[in-house]
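**Student:** Sequence lines, in order, name chains A and B. Take 309 as the starting number for the first sequence in our numbering and just add one per residue. Take 5 as the starting number for the second sequence in our numbering and just add one per residue. Beta carbons: idealized from backbone N, C-alpha and C, even for Gly. Computed from a prediction, not measured in an experiment: that's the story for all the values here.
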Amino acid sequence: GIQVEQSPPDLILQEGANSTLRCNFSDSVNNLQWFHQNPWGQLINLFYIPSGTKQNGRLSATTVATERYSLLYISSSQTTDSGVYFCAVGGSSNTGKLIFGQGTTLQVKP
Amino acid sequence: EAQVTQNPRYLITVTGKKLTVTCSQNMNHEYMSWYRQDPGLGLRQIYYSMNVEVTDKGDVPEGYKVSRKEKRNFPLILESPSPNQTSLYFCASSLSLGAGRGTQYFGPGTRLLVL
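(1) Who does Asp42(B) pair with in a DSSP beta bridge?
(2) Using the Cα positions of Pro418(A) and Asp318(A), report the straight-line distance between them to the nearest angstrom.
(3) Helix, strand or coil, according to DSSP, for Asp63(B) in the structure here?
(4) Using a Cβ-based criterion (distance less than 7 Å to any ligand heavy atom), does Pro85(B) qualify as near the ligand MG?
(5) Could one say the Cβ of Tyr52(B) lies closer than 8 Å to chain A's Cβ atoms, at least one of them?
(6) With Ile16(B) as the anchor, note down where its beta strand (DSSP E) starts and where it stops.
(7) Could you please give me the residues that DSSP links to Gly398(A) through a beta bridge?
(8) Reducing DSSP to helix, strand and coil, say where Ala369(A) ends up.
(9) Select from the stretch 21-52 of chain B all residues with a C-beta closer than 9 Å to any C-beta belonging to chain D, and list them in chain order.
(10) DSSP state of Thr90(B), grouped into three classes?
(11) Can you tell me which of Leu92(B), Gly106(B), Pro112(B) and Thr26(B) puts its alpha carbon nearest to the alpha carbon of Leu34(B)?
(12) Determine the contact status of Asp63(B) and Arg48(B), defining contact as a CB-CB distance below 8 Å.
(13) Note down, in chain order, every chain A residue with its Cβ under 7 Å from the Cβ of Gln108(B).
(14) In terms of DSSP beta bridges, what is Lys417(A) paired with?
(15) If you count every other CB in all the chains shown that lies within 10 Å of the CB of Ala396(A), and 16 or more means buried, which is it?
(16) In whole angstroms, what is the alpha-carbon distance linking Glu375(A) and Ser315(A)?
(17) In this structure, does DSSP put Thr387(A) in helix, strand or coil?
(18) Closer than 7 Å by C-beta to Cys331(A): which residues in its own chain qualify, once you throw out the five before and the five after it? Chain order, please.
(19) Determine the extent of the beta strand (DSSP E) in which Arg115(B) is found, giving its start and end residues.
(20) Does the stretch 13-26 of chain B come within contact of the stretch 360-369 of chain A, defined as at least 3 CB pairs closer than 8 Å?
(21) How would you label Trp348(A), buried or exposed, when you count the other beta carbons within 10 angstroms and need 16 or more for buried?
Right under this line is the structure:
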């Protein structure tokens, strides 16, 4: 099956700093999503982005499907950005399976 | 309000006592899925359903059953729970899996402890 690797595993930032989170995957995908799990455990979808670039406020994401990676950019980070960021992918056979990476734990300090 | 609801939110039970965790969505979504989250193992898919009466195994289906008799409901059944099923469970749904329709919305989670 598809392997998903996220880096870095942990990240500590000062408020206002920018960061880039990476998601590598081992095979062709037709579904790639980024999620944020806040410190209370709630999972929120950030982007559905199997290819291309999207932006939503201070967050943006780029997926280069041919090179099998996706990047999540966080600019001007805030303490509310803290939590775990997950990348999840679904294979091109569209079976319904979704594989999650191990996540990047982000802590933003005031 | 568009949402995915799960019940119960917290559950303590004993080994072998059958239980059901309910999941319901009010967005007319075709696709629904169950995940478990464990420290160090991340989120793993248990079962998913592409539509009514269509279900399939994810990566960790052993010890679980599901059914999809109605579009809005996707209950997770543990017929004989064991301590290794102690976990945080999430239900999710999306319009479908197709391009532009695959954004998944998660329920609030169910924390299960099996003694």
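**Tutor:** On the basis of the supplied data:
(1) As DSSP reads the structure, Asp42(B) sits in a beta bridge with Gly46(B).
(2) Within the model, the alpha-carbon separation for Pro418(A) versus Asp318(A) is close to 17 Å.
(3) If DSSP states are grouped into helix, strand and coil, Asp63(B) belongs with coil.
(4) Judged by which ligands are present, the structure shown has none, so any question about the ligand MG falls away.
(5) Closer than 8 Å: yes.
(6) Membership of Ile16(B) in the beta strand (DSSP E) is indicated by the continuous run Tyr14 to Thr17.
(7) Gly398(A) pairs with Asn339(A).
(8) Here Ala369(A) sits in strand by DSSP.
(9) Looking at the structure shown, chain D is missing, and the protein chains on hand are A and B.
(10) In this structure, Thr90(B) counts as coil in the three-state DSSP scheme.
(11) The residue you asked about is not Leu; residue 34(B) is Glu in the sequence shown. Of Leu92(B), Gly106(B), Pro112(B) and Thr26(B), the residue nearest in Cα terms is Gly106(B).
(12) In terms of Cβ geometry, Asp63(B) and Arg48(B) form a close pair [threshold 8 Å].
(13) Simply Gln341 and Asn353.
(14) Beta-bridge analysis with DSSP links Lys417(A) to Gln322(A).
(15) Counting other Cβ atoms within 10 Å of its Cβ, Ala396(A) reaches 16 or more and is therefore classed as buried.
(16) The straight-line gap from Cα to Cα measures roughly 16 Å.
(17) For Thr387(A), the three-state secondary structure derived from DSSP is helix.
(18) So the list reads Val312, Gln314, Tyr377, Ser378, Cys395 and Gly409, once near-sequence residues are dropped.
(19) The continuous beta strand (DSSP E) containing Arg115(B) extends over residues Thr114 to Val118.
(20) Counting C-beta pairs with one atom in each stretch, the stretch 13-26 of chain B and the stretch 360-369 of chain A have fewer than three that are closer than 8 Å, which means they do not touch.
(21) Exposed is the label assigned to Trp348(A), since fewer than 16 other Cβ atoms lie within 10 Å of its Cβ.
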